[in-house]
Amino acid sequence: MTDTATPDTSDERVKEMSAFRKALIRPELGGICGTIIVFLFFALFAHDSGMFNSQGVMNWSVVSAQFMIIAVGACLLMIAGEFDLSVGSMIGFAGMMIAIFSVTLSWPVWMAILVTFALCLALGALNGFIVIRTGLPSFIVTLAFLFILRGFTIYFPQTIERKTIIGGVKDAAEGDWLAPIFGGKILTGLFQWLGDNGLIAVFERGTRAGEPVVDGIPMLIVWALMLVVFGHILLTKTRFGNWIFASGGDAQAARYVGVPVNRVKILMFMFTAFCACVFATCQVMEFGSAGADRGLLKEFEAIIAVVIGGALLTGGYGSVIGAALGALIFGVVQQGLFFAGVESSLFRVFLGVLLLLAVILNTYIRRMITGER
Amino acid sequence: MADPIIRMVDIEKHFGRVIALAGVTLEIFPGECHCLLGDNGAGKSTFIKTMSGVHKPTHGEIFFEGQPLHFDDPRDAITAGIATVYQDLAMIPLMSVSRNFFMGNEPLKRIAGFPFFDHARANTVTMEEMRKMGINLRGPDQAVGTLSGGERQTVAIARAVYFGAKVLILDEPTSALGVRQTSNVLATIDRVRKKGIAVVFITHNVRHALAVGDRFTVLNRGKTMGTAMQGEITPEELQDLMAGGQEMAELEGSLGGTV
Ligand SMILES: Nc1ncnc2c1ncn2[C@@H]1O[C@H](COP(=O)(O)OP(=O)(O)OP(=O)(O)O)[C@@H](O)[C@H]1O
Ligand SMILES: [Mg+2]
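Chains as they are written, first to last, in my numbering: chain A, -4 to 368; chain B, 705 to 963.
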């Protein structure tokens, strides 16, 4: 009587999943297809615009790398089930702090950078702590910080220096050991060699005659690639990555099996703040100045890149590689339209359409994974 | 039989003025499937929650492997080896079976000194454990969301067993399932019991209980109506006990023996 049930080993009603469907449920798929389409498009319509010579490539690479840096943070945070709308304000704030510390207060630049990083990490932790403690949606909490941080970013330079842009960081950074980590370039020798051998364009005239037009890889790009690799490995190859997925997938279920959900979420808020601070530091070192309006709308651009990259707004699903490709698409299209001489306002139209398509595709994919109808 | 693995003595649980349990005594032995039956509100869930550390009993004592035990929270019970599979299985539909299986207990391997999630091991173990439970996955990376209710129950059970549960508590695992899925879960219970794990199986369905149970305890209004052994009791008698006797006989008459 105890053995009335027969173990059933295979379910003939489950269709073998086709390779196509299997590929479709990879979160990166949208990003990969989008990247191919975008490059094909510009190769066809803008190949002679200078977009694909060394200077053009560097141009859209830098813009894409900027998007990538903040997209990695936003991606991991979104997979962990939260948003950060204060990223853009954090960029403005961090840049301004570096400028105030190093120029107004004449601190050494390395100290200004380190203190600013500590400040940003603390603010990220505060964001996360408030979200966890109050149980409020991170949407609202970080929206508050969007205004708070932007307010301070305008208030401080206004009251201290009576202006909203603080310059002179470049001079202050002269000879600093930490500044080149954010504002320097690598492989300059290689690029000189490429120029000498006629593989890339060199300046024909002027004080820089003979130097290649692109003289190295900016550290910004190195940071972007490092963050992408780090984020990807963390998410897919470590225990902590499993906790990120679990925290965003179903926080209660994760807690029940002992995942420290609160710690995971707060750490991800801090990582997002870290990425924003990297962005800001690179920008300040490049421009030599900090402006109170820097980073405007960056939080949305980061979220759009992440969504184009296949992450679900509801959390628990996504890919850092996808987000990086989303950022690449973003950068290539923005700069490509410029090269192709298209009215730049159309970029926003394109962005809106792309976002809508990505969200629809993602929703469809989610239904497929969870088997909902 | 050997010594009981859990002995619950005169457990009472009051919620304010509601007396959910009014003195329940129960022994559970290794390798047995102990069915807990009773009508809605009889106190079955409350009873197992005192066992799994969710509720502290108002009165009474719990002995685990002969030692008196006090659980402060569910993790204590899990650590001691008492695993509970609730109706909402604590699984994440968007994540793969193997990621779910090891959630919170990820196997690690070191590469250059850094600990990495050992996916290869997680995948083989998951496939292997699921095969033992009679479920052939398409692959360890299949999302839990694509599994049926019964298969999800089985993953939850397999996970509890793999991580060393000595007592497995299942709160109405078959209530939402169809015939085929139910038989799957019942087969799983049978397999788990044969490993020497004690199973506490809550159900409303007398036939499900009789299919796998070794002993049957009926709760009614927070009290035990008695415990019966497999073979000592007929489905009709069990049904009567659950309904508190008399009403069921009357109902049965008017429905022509269809219940
Ligand atoms: N947290 C609580 N607070 C107050 N009363 C409770 C609580 N939990 C249970 N009860 C009461 O205790 C009694 C027993 O409930 P319990 O959930 O144990 O029943 P059950 O046998 O599991 O029923 P079912 O078959 O419907 O699941 C009920 O009258 C219920 O209202
Ligand atoms: Mg119940």
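Where is the CB? At the ideal position from N, CA and C, for every residue including glycine.
Pairing Asp780(B) with Gln857(B), the inter-Cα distance amounts to about 23 Å. Closest by C-alpha distance to Gly321(A), out of Ala120(A), Ser56(A), Trp102(A), is Ser56(A).
Within 8 Å of the CB of Leu798(B), the CB atoms of chain A belong to Phe240, Gly244, Leu307, Gly311, Tyr312, Arg361, Ile364, Thr365, in sequence order along the chain. Inclusion of Thr750(B) in the 7 Å shell around ligand 1 follows from its C-beta lying nearer than that to a non-hydrogen atom of the ligand. Residue contact check for Arg234(A) against chain B: a CB pair falls below 8 Å.
For Asn357(A), no CB of chain B lies under 8 Å from its own CB, so it is not counted at the interface with that chain.
A Cβ of chain A is located within less than 8 Å of the beta carbon of Glu810(B).
Look at Pro819(B): its C-beta is under 8 Å from a C-beta on chain A. Within chain B, no C-beta atom comes nearer than 7 Å to that of Val273(A); the closest sits roughly 22 Å away. Annotation: the region 16 to 83 of chain A contains the following complete segments of the alpha helix (DSSP H) (minimum length 4 residues), in chain order: 24 to 40, 49 to 74. DSSP, reduced to helix, strand and coil, places Phe920(B) within a strand of the structure shown.
Per DSSP, Ile710(B) lies in no alpha helix (DSSP H); the unbroken beta strand (DSSP E) holding it starts and ends at 710 to 719. The beta carbon of Met807(B) falls within 8 Å of a beta carbon belonging to chain A, placing the residue at that interface. Between Ala880(B) and chain A, the shortest Cβ-Cβ separation is not below 8 Å.
Nearest CB-CB separation between Gly253(A) and chain B: below the 8 Å threshold. CA-CA distance, Val67(A) to Gly304(A), rounds to 11 Å. With a contact defined as Cβ atoms closer than 8 Å, Asp714(B) and His763(B) qualify at about 7 Å. Residue-level contact by beta carbon fails for Ala319(A) and chain B, as no gap is shorter than 8 Å. For Ala248(A), the chain B residues whose Cβ falls inside 7 Å of its Cβ are Ala794, Met795, Ile796, in order along the chain. Listed as beta-bridge partners of Arg814(B) by DSSP are Pro819(B). The C-beta of Ala913(B) comes no closer than 8 Å to any C-beta of chain A. Under a 10 Å Cβ-count criterion, Leu71(A) is classified as buried, with 16 or more other Cβ atoms of the shown protein chains found around its own Cβ.
A residue is called buried once 16 or more other Cβ atoms fall within 10 Å of its Cβ, and Gly119(A) is buried on that count. Annotated as distal: Ile74(A) and Leu229(A), with beta-carbon spacing of 8 Å or more.
Counting only Cβ-Cβ distances below 7 Å, Arg803(B) has contacts in chain A at Asn237, Phe240, in chain order. Ranked by how close their Cα comes to the Cα of Ser887(B), the residues Ile873(B), Leu914(B), Arg863(B), Ala864(B) have Leu914(B) in first place. Taking 7 Å as the cut-off, the C-beta of Ala746(B) counts as close to a heavy atom of ligand 1. In its chain, beyond the 5 residues on either side, Ala249, Val254 have a beta carbon closer than 6 Å to the beta carbon of Ala241(A). In terms of side-chain proximity, the C-beta atom of Phe719(B) is found nearer than 7 Å to a non-hydrogen atom of ligand 1.
The beta carbon of Gly849(B) sits closer than 8 Å to some beta carbon of chain A. Remark: the shortest separation between the CB of Asp875(B) and any heavy atom of ligand 2 falls under 7 Å. Counted as a single uninterrupted DSSP element, the stretch harbouring Met837(B) is not any alpha helix (DSSP H), since DSSP gives it neither H nor E.
Residue side-chain check: His227(A) keeps its Cβ at 7 Å or more from all non-hydrogen atoms of ligand 1.
At least one heavy atom of ligand 1 lies less than 7 Å from the C-beta of Gly742(B). Residue state for Lys899(B) is assigned as coil, using DSSP reduced to three classes. Annotation for Val722(B) indicates a beta carbon within 7 Å of some heavy atom of ligand 1.
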